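S.K.:
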Amino acid sequence: MQRVFSGIQPSGIPTLGNYLGAIRNWVTLQDNHECLWCVVDLHAITAWQDPAALRRQSLEMAATLLACGVDPVNHILFLQSGVRAHAQLAWIFNCVARLGWLNRMTQFKDKAGKDRENASAGLYVYPNLMAADIHAYHATRVPVGDDQRQHLELANDIAQKFNHDYGVDFFPNIEPVILGPAARVMSLRDGTKKMSKSDPSDQSRINLNDDADTIALKIRRAKTDPLPLPSEVDGLADRPEARNLVGIYAALTDTDHASVLRAHGGQGFGPFKNALADLLVQKLAPISAETNRLLGDENALIAILQSGAERAAAIADPIVSEAERLVGFVGLRRG
Ligand code: TYM
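The numbers in the sequence shown follow this note's numbering, run straight up by one, and end at 846.
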């Protein structure tokens with residue numbers, strides 16, 4: 512059975528983009544893979560996080576993942592900081608990856624923005640830690656949204672260079688799993704920008720814990736153009752906001768852009784937005800209710816994450832120890 516790894520940052524409330532682009536696909540993969548799901552708190556601190564908020568958001572993220580259908584018994588759910596192997600392998604990868612490779616990462620450029628000199632060193636080597644997350648488990652399939660494609664290519668470059676430099680065939684090639692009509696959900700305020708939990712405007716996104724009224728209002732206010740919906744997919748070219756809403760509708764109904772347009776083509780945005788808001792409320796309300804229920808028992812939640820971290824470490828520790836041996840470390844026993 513192939514091993515799957517994926518992660519999500521606890522840097523805010525998960526959005527509809529996280530759900531449709533990633534989490535939903537995680538749940539499907541559980542049927543026929545061995546899966547590790549990780550709340551990546553080490554990644555989150557590459558940008559400043561208030562400590563109390565980070566703690567709360569890490570637990571909220573874990574609860575949300577469980578509410579979405581992540582199975583912590585047959586699979587593994589854990590916090591990245593709970594398994595030392597991630598940081599240990601990341602250091603080795605910091606010494607394998609080339610500065611030239613990191614300089615090409617578009618996400619670093621986006622996140623560092625104009626004030627690059629002031630970005631943390633962690634933000635720069637972020638993709639090396641991500642490669643370590645995956646390779647510490649010899650995972651071969653990684654379900655993500657489209658924005659992570661470049662990072663996964665880098666993870667393969669790092670594995671190949673490690674194997675080449677040390678004359679081994681140790682780290683396998685990984686295959687990105689990027690699925691569905693909502694692999695890149697866009698901002699509700701600007702169809703050319705990704706929907707993101709860190710966008711300063713709350714109106715730009717649907718949060719998985721938004722209540723019904725908030726969802727309806729955000730969808731009603733979502734930017735659109737004055738034309739009715741086209742009846743063919745070609746008609747969505749150059750209409751990023753329309754394309755985005757149709758993609759969201761398609762993902763929520765497990766169809767594609769073409770079938771949504773067959774049903775709603777010719778319609779104005781008013782009725783389409785009402786239908787979309789109803790659909791969102793129907794899908795998200797149970798998730799948010801279950802998340803709140805799980806957050807009501809913090810000890811039980813922490814026990815799930817504790818057991819997940821122990822089971823994850825049991826897989827990663829021997830792999831990372833072997834990588835250390837290949838590098839030439841003597842390998843003292845750790846107390
Ligand atoms: P993060 O926390 O930004 O996002 C988690 C997952 O959600 C996807 N996603 C989206 N998909 C579609 N449309 C969007 N607007 C959207 N926004 C986010 C992301 O592609 C991702 O799959 N670096 C990763 C976390 C990570 C990771 C890993 C992933 C750390 N280590 C190892 C895979 C494997 C990140 O910041 O995701």
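No residue lacks a Cβ here, since even glycine has one placed at the ideal position from N, Cα and C.
These numbers were taken from a predicted model, which means no experiment stands behind them.
#1: Quick check on the burial criterion: 16 or more other C-beta atoms within 10 angstroms. Buried or exposed for Ile-826?
#2: Tell me the DSSP secondary structure of Val-584 in three-state form.
#3: What are the boundary residues of the beta strand (DSSP E) that Gly-518 is part of?
#4: Under a Cβ-count criterion, where at least 16 other Cβ atoms within 10 Å of its own Cβ denotes burial, should Leu-812 be classed as buried or exposed?
#5: Is there contact between the stretch 787-801 and the stretch 551-564, where contact requires at least three CB pairs shorter than 8 Å?
#6: State yes or no: is the C-beta of Gly-528 within less than 9 Å of the C-beta of Val-696?
#7: Could you name the residues that DSSP lists as bridge partners for Phe-589?
#8: Can you tell me which of His-768, Pro-687, Gly-580 and Glu-801 puts its alpha carbon nearest to the alpha carbon of Asp-658?
#9: Put Thr-703 into one of helix, strand or coil per three-state DSSP.
#10: Give me, in chain order, the residues of the same chain whose beta-carbon lies closer than 7 Å to that of Val-581; leave out the 5 immediate sequence neighbours on both sides.
#11: Arg-660 lies in the alpha helix (DSSP H); which residues open and close that run?
#12: Report all residues from its chain with a CB closer than 8 Å to the CB of Tyr-648; omit the five preceding and five following residues, and keep chain order.
#13: Could you tell me if Gln-671 is buried or exposed, where buried requires 16 or more neighbouring beta carbons within 10 angstroms of its beta carbon?
#14: Below 8 Å on the Cβ atoms is my guess for Phe-604 versus Ala-642; work out the distance and round it to an integer in Å.
#15: Express the C-alpha separation of Pro-739 and Ala-694 in angstroms, rounding to a whole number.
#16: Under 8 Å: does the beta carbon of Thr-539 sit that close to some heavy atom of the ligand TYM?
#17: Starting from the C-beta of Val-679, find all residues in its chain whose C-beta is less than 7 Å away, skip the five residues before and the five after it, and write them out in chain order.
#18: Could you spell out where the beta strand (DSSP E) holding Glu-686 opens and where it closes?
#19: Taking 9 Å as the cut-off, decide whether the C-beta atoms of Glu-835 and Gln-591 are in contact.
#20: Assign Gln-817 to buried or exposed, taking buried as 16 or more other Cβ atoms, counted over all protein chains shown, within 10 Å of its Cβ.
#21: Between Val-550, Glu-833, Asn-585 and Ile-645, which lies nearest to Glu-571 when the distance is taken from Cα to Cα?
#22: Going by CA-CA distance only, name the one from Arg-609, Thr-526 and Arg-652 that's closest to Asn-543.
#23: Comparing the CB of Asn-529 with every heavy atom of the ligand TYM, is any distance shorter than 8 Å?
#24: Could you give the uninterrupted runs of the alpha helix (DSSP H) lying entirely in the stretch 566-647, keeping only those of 4 residues or more?
#25: Quick one: is Phe-840 buried, meaning 16 or more other Cβ sit within 10 Å of its Cβ, or exposed?
M.R.: Taking the coordinates as given:
#1: In this structure Ile-826 is buried. Its beta-carbon is surrounded by 16 or more other beta-carbon atoms within 10 angstroms.
#2: Val-584: coil per DSSP, three-state reduction.
#3: Here the beta strand (DSSP E) through Gly-518 covers 514-519.
#4: Counting Cβ neighbours within 10 Å, Leu-812 comes out buried, since at least 16 surround it.
#5: Using a C-beta cut-off of 8 Å, the stretch 787-801 makes no contact with the stretch 551-564, since fewer than three inter-stretch Cβ pairs fall below that distance.
#6: With a cutoff of 9 Å on beta-carbon distance, Gly-528 and Val-696 are scored as near each other.
#7: DSSP output for Phe-589 lists Cys-549 as bridge partner(s).
#8: Closest option to Asp-658, Cα to Cα, is Pro-687.
#9: In the three-state reduction of the DSSP assignment, Thr-703 falls in the coil class, being assigned neither a helical nor a strand state.
#10: Counting only Cβ-Cβ distances below 7 Å, and skipping sequence neighbours, we find Trp-537, Val-538, Trp-548 and Leu-588.
#11: Per DSSP, the continuous alpha helix (DSSP H) segment holding Arg-660 begins and ends at 660-676.
#12: Cβ within range, chain order: Arg-514, Phe-516, Leu-547, Ala-823, Ile-826, Ala-827 and Ile-830.
#13: In the assembly as shown, Gln-671 is an exposed residue. Its beta-carbon has fewer than 16 other beta-carbons within 10 Å.
#14: With a contact defined as Cβ atoms closer than 8 Å, Phe-604 and Ala-642 qualify at about 5 Å.
#15: If I take the Cα positions, the gap works out to 24 Å.
#16: For Thr-539, the shortest separation between its Cβ and any heavy atom of the ligand TYM does not lie below 8 Å.
#17: Within the same chain, Val-679 has close Cβ partners Leu-837.
#18: Bounds of the beta strand (DSSP E) holding Glu-686 are 686-688.
#19: Cβ distance not < 9 Å, so Glu-835 and Gln-591 don't count as in contact.
#20: Gln-817 comes out exposed.
#21: Minimum Cα-Cα distance from Glu-571 among the listed residues Val-550, Glu-833, Asn-585 and Ile-645 corresponds to Val-550.
#22: Checking every option, the nearest Cα to that of Asn-543 belongs to Arg-652.
#23: At least one heavy atom of the ligand TYM lies less than 8 Å from the C-beta of Asn-529.
#24: Listed in chain order, they are 596-605, 610-614, 617-623, 632-635 and 637-646.
#25: Under the 10 Å beta carbon count, Phe-840 is surrounded by fewer than 16 other beta carbons and is classified as exposed.
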